[in-house]
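Protein sequences, first through last, are from chains A and B.
285 is the number of the first residue of the first sequence in the working numbering; add one for each residue after it.
4 is the number of the first residue of the second sequence in the working numbering; add one for each residue after it.
Backbone N, C-alpha and C fix where the C-beta goes; we use that ideal spot for every residue, glycine too.
Quick caveat: nothing in here was measured; it's all calculated off a predicted structure.
Heads up: the structure comes next, in C-alpha cells.
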Amino acid sequence: MAASTLRYGRLRAVSAVAVIGFLFTSCGGSSDASDEIRVSAASSLSRVFAELELAFEAAHPGVDVVLNLAASSLLREQILAGAPVDAYASASTDTMTPVVVAGLTVGGATTFAHGSLAIAVPFGNPGNVTGLDDFGSEELLIGLCDIAVPCGTYARQVMSRAGVEPAIDTNEPNVLSLLTKIEEGELDAGIVYMTDVRSASGEVEGIEIPDAVNVAADYPIAVIVEGPNTEGGRAFVDFVMSGVGQEILAGFGFVTP
Amino acid sequence: MSREKARHGRSRPPIAFVVLAAIAVVFFLLPLIGLLARTPWSDLVSLLASEVVADALVLSAIASFAAVTISTVVGVPLAWVLARVDFRGRALVRGLVLLPLVLPPVVGGAALLFALGRRGVVGEPLYEATGLVLPFSIWGVVIAVTFVSMPFLVLTVEGALRNVDVRFEGAAGSLGAGGWTVFRRVTLPMIGPSLAAGMVLTWARAIGEFGATVTFAGNLAGETQTLPLAVFVALETNRDTATALSLLMVAISLTVLVLLRDRWLRPQ
C-alpha cells in the first residue's frame with residue numbers, strides 16, 4: 285500500500301478532555317438572544333468550527349457564537365430533548381435524520397462538507413502498522429470510535445469492506461478521546477477522520493486508507509426550529525455555506541461540495 | 004439532660020426544618036421519578052437479558068468491591084496517620100487525598116494515563132520491565148475507580164479517629180497492649196460505624212464511576228465496560244436500554260445502601 289506518512293503538530297490531551305467534560309455540562313445561563321448563537325457541532329469538527337466561529341464573529345461584531353462540541357449522537361439526543369440550540373452540524377446523515385424527521389429543522393439539512401477516514405498511529409509508528417490488515421493483530425493495541433458515534437460506524441464499514449476483523453481494545457466515546465490515546469502512544473493504531481490527522485496539532489502520523497474501501501462521510505448542518513435565536517442560526521449556516529466558510533473548511537482538509 | 008427530654012426533642016423537630024428537609028427529599032426524588040416515568044416496563048427483562056449487561060454487571064461488582072478493599076487496606080492507615088501523627092506537610096497530604104474529589108473525573112483519568120499508561124511516567128518503565136499494560140484491562144478499571152473513590156473512606160475514617168477519646172487508647176496501652184492490639188481492640192470498635200459508612204460511600208462512588216474509567220481504562224464490552232459505560236453507550240444508540248440499565252443501577256445501589264444502613268449504620 286502506498287502509505288503517505290505525514291506528521292503534524294501536537295494535539296493537547298486537554299482538548300479531548302474539555303470536549304468530554306462538555307458532555308456533562310448543561311447549557312446554563314441566558315443572555316440577549318440576538319447576540320448569542322448556540323451551535324452544536326460534532327467532536328470531529330472541533331477545530332474547524334473554532335476557526336469558523338472566529339471568522340463569523342469577526343464579520344459580525346457583537347455576536348457571540350457558543351460552540352457545544354460533543355459526539356453527534358449525544359448532540360442529537362440533546363436537541364431531541366429540547367436543548368436550546370440554534371444550529372446543529374453533525375458528522376453523519378444518520379445522526380441528522382432523526383432531527384429532521386422530528387420536524388426540528390428549518391427546511392431540512394444541507395451537506396456542507398465531505399470527509400474520509402485515515403489510519404492514525406503514534407509518532408514513530410511504534411507498532412509498525414502498515415495498513416488495515418494490522419487491525420486484526422491481537423498483539424497491537426487497537427482503538428476505534430464506539431459504533432454509536434459516526435466515526436465508529438464508518439470505521440466498521442471500512443473494516444468490513446477490507447475484510448478485516450479488528451481486534452479492538454477500546455471503543456472510545458468520541459473521536460478526540462481516541463486521538464488523544466493514539467497521540468499518547470497508549471494505542472498503536474486507530475481509525476479517525478482524515479481531517480483529524482491533518483489538522484491535529486498532535487504527535488500522530490496518518491496512513492491512507494485506499495479509496496476502494498474508504499467512505500465518503502457527509503457532514504450535514506441545519507438550523508434548529510426551537511433555538512432561541514433561529515435567525516442567528518440561519519446566519520451561521522449561511523456563513524458555513526458561503527465562499528469564506530467553504531474556504532476555511534477546505535483549509536482543514538475537508539472536501540467541499 | 005434527661006433521656007426523656009432528649010427523646011422529646013427528637014420527636015418534635017422545628018417545622019422549618021421539616022419543610023426544608025422535604026424540599027431536599029423532593030430534589031433527590033425527582034430524577035428517580037423521571038427515570039421511572041421513562042422506563043419501558045414491558046420490555047425491561049428483554050432489554051436487560053443480554054451478555055453485554057451481564058458482563059458489565061460482573062465487572063462493576065468486581066471493580067467496586069476491589070476499590071473498597073484496596074481503599075480500606077491503605078486508606079485506614081492513611082487516615083490514622085493523618086489523624087494522629089503531626090508531621091510537616093500534613094495539610095499538603097490531606098489536600099492530595101482530596102484532589103480526586105475536586106478534579107473532574109475525566110481529568111483524573113487523563114492524569115492516570117499520563118502516569119500509568121504504556122508511555123506514562125511510571126507506566127513506561129513498568130511496561131518495559133514486565134510487559135504489563137494497565138489501561139484497557141480490568142486493572143485499569145480498578146485503578147480508576149479506586150483513585151476516585153478512596154477519598155471518601157480516608158476522610159470519613161480520619162474524621163472518626165479525631166473524635167475518638169485518645170485516653171481509652173492510652174489506658175489500653177498502659178495496661179500493656181501493643182500498638183496493633185490497641186488499634187484492633189480499642190480504636191477499631193469505636194470507629195466501626197464510621198468505617199462502615201466510609202466503605203459504603205466508597206463503594207457507591209466506585210459503582211457509579213464513569214469519567215476516569217473511560218479515559219484511563221477505555222471502553223470494551225466484556226473487558227473494561229462497567230455499568231455506567233454501558234449506560235453511556237446505550238444512551239447514544241438505544242434510549243430504552245439506557246433507561247433500563249440506569250434503573251438496574253439505581254435498584255442495586257438503593258438495595259445495598261438501604262440494607263447496609265439498617266445493618267451497620269444504625270444510630271448508636
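Taking buried to mean at least 16 other C-beta atoms within 10 Å of its own C-beta, is residue i buried or exposed?
| i | result |
| --- | --- |
| Ile18 of chain B | exposed |
| Ser310 of chain A | Residue placement at Ser310 of chain A is flagged as unreliable, the pLDDT there being 38, under the threshold of 50; a coordinate-derived value is accordingly withheld. |
| Asn412 of chain A | exposed |
| Leu336 of chain A | buried |
| Leu32 of chain B | exposed |
| Arg121 of chain B | buried |
| Trp183 of chain B | exposed |
| Leu251 of chain B | buried |
| Val125 of chain B | exposed |
| Val383 of chain A | buried |
| Asn166 of chain B | exposed |
| Ile26 of chain B | exposed |
| Glu131 of chain B | exposed |
| Arg170 of chain B | exposed |
| Phe538 of chain A | buried |
| Phe90 of chain B | exposed |
| Phe20 of chain B | exposed |
| Val28 of chain B | exposed |
| Ala254 of chain B | exposed |
| Asp168 of chain B | exposed |
Closer than 8 Å by beta-carbon distance: list the chain A residues that pair up with residue i, in chain order.
| i | result |
| --- | --- |
| Thr240 of chain B | Ser357, Ile431 and Ala432 |
| Thr227 of chain B | Thr454 |
If contacts are defined as beta-carbon pairs under 8 Å, then residue i and residue j qualify, I think. What distance do you get, rounded to the angstrom?
| i | j | result |
| --- | --- | --- |
| Pro457 of chain A | Ser356 of chain A | Their Cβ separation, rounded to whole angstroms, is 12 Å, which puts Pro457 of chain A and Ser356 of chain A out of contact at 8 Å. |
| Leu38 of chain B | Thr218 of chain B | In fact, because the Cβ distance is near 26 Å, the residues do not count as touching under 8 Å. |
| Pro504 of chain A | Met380 of chain A | 4 Å |
| Asp370 of chain A | Gly517 of chain A | 3 Å |
| Leu156 of chain B | Gly214 of chain B | Contact doesn't hold; Cβ gap of about 20 Å is too wide. |
| Val151 of chain B | Glu172 of chain B | Not quite, the Cβ-Cβ distance comes to about 32 Å (not below 8 Å), so this is no contact. |
| Ser249 of chain B | Val234 of chain B | 6 Å |
| Leu425 of chain A | Phe139 of chain B | 6 Å |
| Ser256 of chain B | Val148 of chain B | With 8 Å as the limit, Ser256 of chain B and Val148 of chain B do not qualify as a contact, their Cβ atoms being about 14 Å apart. |
| Thr159 of chain B | Leu104 of chain B | No, Thr159 of chain B and Leu104 of chain B are not in contact; Cβ-Cβ is about 12 Å, not under 8 Å. |
| Val323 of chain A | Phe520 of chain A | 6 Å |
| Trp206 of chain B | Val71 of chain B | 5 Å |
Where does residue i sit, in a helix, a strand or coil, going by DSSP?
| i | result |
| --- | --- |
| Arg242 of chain B | helix |
| Val528 of chain A | helix |
| Phe308 of chain A | Note that Phe308 of chain A has pLDDT 39, beneath the 50 cutoff, so the model's placement of it is unreliable and no number is given. |
| Ala247 of chain B | helix |
| Phe171 of chain B | helix |
| Gly143 of chain B | helix |
| Leu353 of chain A | strand |
| Asn412 of chain A | coil |
| Ser376 of chain A | coil |
| Arg15 of chain B | coil |
| Val347 of chain A | coil |
| Thr540 of chain A | coil |
| Met489 of chain A | The sequence shown places Glu at residue 489 of chain A, rather than the Met named in the question. Looking at Glu489 of chain A - three-state DSSP - the assignment turns out to be strand. |
| Val259 of chain B | helix |
| Ile431 of chain A | coil |
| Gly313 of chain A | The predicted position of Gly313 of chain A is uncertain, since its pLDDT is 40 and thus under 50; a value taken from the coordinates is nonetheless stated next. Coil. |
| Arg322 of chain A | strand |
| Glu456 of chain A | strand |
| Pro406 of chain A | strand |
| Asp495 of chain A | coil |
| Thr479 of chain A | helix |
| Pro504 of chain A | strand |
| Thr159 of chain B | helix |
Just to make sure I have the definition right: I need the residues of chain B whose C-beta is within less than 9 Å of the C-beta of residue i. Which are they?
| i | result |
| --- | --- |
| Pro450 of chain A | None at all; the shortest Cβ gap to chain B is about 11 Å. |
At 7 Å on the CB atoms, spell out the chain B contacts of residue i, in chain order.
| i | result |
| --- | --- |
| Pro457 of chain A | Val217, Asn222 and Phe235 |
For a contact meaning CB atoms closer than 9 Å, what does residue i contact in chain A?
| i | result |
| --- | --- |
| Leu116 of chain B | Ala297, Thr464, Lys465, Glu468 and Glu470 |
At 7 Å on the CB atoms, spell out the chain A contacts of residue i, in chain order.
| i | result |
| --- | --- |
| Arg121 of chain B | Gly469 and Glu470 |
| Phe150 of chain B | By Cβ distance, chain A contributes nothing, its closest Cβ being about 16 Å from Phe150 of chain B, past 7 Å. |
| Pro231 of chain B | Within chain A, no residue comes near Pro231 of chain B; the closest Cβ sits about 12 Å away, beyond 7 Å. |
| Gly138 of chain B | For the sequence presented, residue 138 of chain B should be read as Pro rather than Gly. By Cβ distance, chain A contributes Glu470. |
Name the chain B residues whose beta carbon is nearer than 8 Å to that of residue i?
| i | result |
| --- | --- |
| Ser461 of chain A | Val217 and Thr218 |
| Glu361 of chain A | Leu238, Glu239 and Arg242 |
| Leu388 of chain A | None at all; the shortest Cβ gap to chain B is about 16 Å. |
| Leu425 of chain A | Arg121, Val136 and Phe139 |
CB of residue i to nearest heavy atom of the ligand MG: below 7 Å?
| i | result |
| --- | --- |
| Asp418 of chain A | Questions concerning the ligand MG fall outside what the structure shown contains, since it holds no ligand whatsoever. |
Answer yes or no: does any C-beta atom of chain E fall closer than 8 Å to that of residue i?
| i | result |
| --- | --- |
| Arg15 of chain B | Among the protein chains in the structure shown, which are A and B, there is no chain E. |
Would you check if the segment 444 to 454 of chain A and the segment 411 to 426 of chain A touch, i.e. whether three or more CB-CB distances between them fall below 8 Å? yes
Three-pair Cβ contact test at 8 Å for the segment 59 to 70 of chain B versus the segment 223 to 237 of chain B:
yes
Given 8 Å as the limit, is there contact between the segment 396 to 403 of chain A and the segment 524 to 535 of chain A, that is, 3 or more CB pairs closer than that? yes
Are the segment 345 to 353 of chain A and the segment 318 to 332 of chain A in contact at 8 Å, needing three or more beta carbon pairs?
yes
Practice item. Taking 8 Å as the threshold, find out whether the segment 492 to 503 of chain A comes into contact with the segment 436 to 445 of chain A through three or more Cβ pairs. Key: yes
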